[in-house]
Every structure is written in C-alpha cells, then in structure tokens.
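From first to last, the protein sequence lines stand for chains B and R. Quick note: the first sequence uses numbering that gives the first Met the number 0, first residue 0, plus one each step. Quick note: the second sequence uses numbering that gives the first Met the number 0, first residue 0, plus one each step.
There are 2 protein chains.
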Amino acid sequence: MNKMNKKMEYALMALKHISGKSDQDLTSAKEISEQMHIPFEVMAKVLQALASRGLLKAEYGASGGYVLARPLSEVSVHGLSEMLEGHVALTKCLGNDEPCEISGTCNITSPISNLNKKVQEFYKSVSLSEVLHV
Amino acid sequence: MNKMNKKMEYALMALKHISGKSDQDLTSAKEISEQMHIPFEVMAKVLQALASRGLLKAEYGASGGYVLARPLSEVSVHGLSEMLEGHVALTKCLGNDEPCEISGTCNITSPISNLNKKVQEFYKSVSLSEVLHV
DNA sequence: CAAAATACGATTAAATAAAACGTATATAAC
DNA sequence: GTTATATACGTTTTATTTAATCGTATTTTG
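Next comes the structure, spelled out in structure tokens:
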C-alpha cells in the first residue's frame, strides 16, 4: 500500500539537484547519476520523460544537458507521477482499460473510486517546491 | 506510485460485507471468498490479521466466523493498512531498519520524510466508515 | 571526424506480491 | 466420541511488477 517507486525518488533527487543551479547551468544525466550513485540509464530515462512532458528542457550534443522549463511551484506531486507513469490510480480497475475479473460481485466499486479521488486531490494539493523546499 | 494492494482491497470488501449484517450474524472466510470470488486462503489470512489486531472478533468451530469488534468510524485507512502490513511508509529508508545504500549522497532525505508525514496524516484523516459509506 | 550528450526500444534480472499448500487447533452437530 | 467445519499460521511456490541493463540512433560541440 502506498509506496513510492524508484523513478519518483530519482526524479525528486534530480529536480532538487537541478533547482539548485542557475538557468544557464546545464545538468547532464551523467552528472546526477554519478553524484547520487544512481544507475545512469535509469536516471537518463527519468530525465527524458520529464523533458518530453515539458518539465525540463533538453539540450543536445556535447556539453548538453537539462534545465528547468517550468517553476516547481506549478507542478504537484500528482503531476510529477503522471509524467513518469501516465495514468495513476489506486487500482487497475479504475484505469477502465481492464474491467477487472470480479467486477460483477465487487461490493466496493464506488468506495474505491471515491477514495481514489480523495487521494488524487491530496497529491494535487502538494507542490514540488513545497516538497523540495525550493 | 501509490497503488493499493490486494490485501487492502480484500479487507475493504470483507468489512463492507460484514458491516451489512447484524452483530449476531457471523461471517466465515468461506462465505466471503465464495461470494466475492477471492481465493479462500488469502481471504482467511486477511481476516485472521484483522482479528489479531482487534478489529474483528473470531469464533471458532463449525458455525464459527467473524464479527466486527470495533466500529468502523474509529479506524482510519492508515490504521487498516498498518493492521495488514505493519509499518507503512513511502520508502524503505523511512522504516529506519535498513539505512539505504545511497544515504550518504541522498539530497531528499528531509523532503521524503516530510512528505511521508503528510501522506500518513491524510490517510489517518479518512475513516473506514467514510470510505465504505457505513 | 571524434567525443559526449540526449532519445528510445527491447531485453534481462531482481524484488515484491499473490496464491497455494500443509498442518494444527477449536467447537458445534450428530 | 466422531465427524464436519471453522479459525490459525508457517512455509513454499508462482505470478506480477519493478528496476536495471543492453543496444543503437541522433544531435552537437570542438
């Protein structure tokens, strides 16, 4: 129940790291992965995901790297997890892609849906700048 | 990030089922597992866990079963997940049993701890009666 | 052109969760 | 008392999910 995954941890570490630098100072995936002792390939993918969703801006080529594209105060924890994982929900059946095998006899369809909504609202209410103290 | 596990789902289903009956009407693990199409052994363990933590009262023998021991308004979602999983936290490093391999270079120790506290407070604020509409 | 960076699909490995198995114990019905 | 049915609980196996690795392409600086 309710555990954070590595992608999320790595993303928070990277954002904390990047937000401590000036806008002209690019940060490479290698730089973060080495300083934080995180596998390079995994860190790179996390940064790519954040860049493709518009939170970071990527510069190609040698001496390239990433820089913040939006202020962290504008992005919530929920927003970040959506950038990394797409649709986020308490259970698979809420994603409506898979109808769930026991949906015919399930007696908590509505309760789960309501709780899910509450949880999402909570995570939407917490900004990244608040979490990271930046 | 933030997914509910099966134990939790099964527990909510069982509590919803049990709470719809009178205090004299015992509910067996078999009854719930068959009606909800949940593996009997798994359902049985969930009920045992809830009984050992005082949320349910167990009656032995033929015609035995479970009955609510405490009102659901007194127990939170956080409380329920603790009954099923013990210590609950966003990350393993917060459980302080395992010190985490990158703790020396981790730059989000305090942010994670603060976020974890907020999340726990949120889940403590939601009662089971509220979730289950009982 | 060579070096160093992002981009991204595919595969493999590790960790976790879920389910199944086996046995013991308690109690009601007969 | 014997049988049937229930809880109790530790162990093992299987399935699923997550994390990490591999391989290759593209871009840009020097």
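Even for Gly, the Cβ is constructed at its ideal location relative to N, Cα and C. Treat the numbers as computed from the prediction; the structure is a model and nothing was measured.
Annotated as proximal: residue 93 of chain R and residue 115 of chain R, with beta-carbon spacing under 8 Å. In the DSSP assignment, residue 55 of chain R forms a beta bridge with R/67. Residue pairing from DSSP places residue 26 of chain B in a beta bridge opposite B/65. The C-beta distance from residue 127 of chain B to residue 14 of chain B rounds to 6 Å, short enough to fall under 8 Å.
Judged by DSSP in its simplified three-state form, residue 32 of chain R adopts helix.
Around the beta carbon of residue 86 of chain R, fewer than 16 other beta carbons lie within 10 angstroms, which makes this residue exposed. Interface flag for residue 38 of chain R against chain B is unset, since no Cβ pair is found closer than 8 Å. Contact between residue 16 of chain R and residue 26 of chain R holds: CB atoms are separated by about 6 Å, below the 8 Å threshold. If you look at residue 17 of chain R, you'll find it in the alpha helix (DSSP H) that goes 5-18. Straight through space, the alpha carbons of residue 41 of chain B and residue 66 of chain B are spaced by roughly 18 Å. Contact of residue 114 of chain R with chain B by beta-carbon distance below 8 Å involves 76, 125 and 130.
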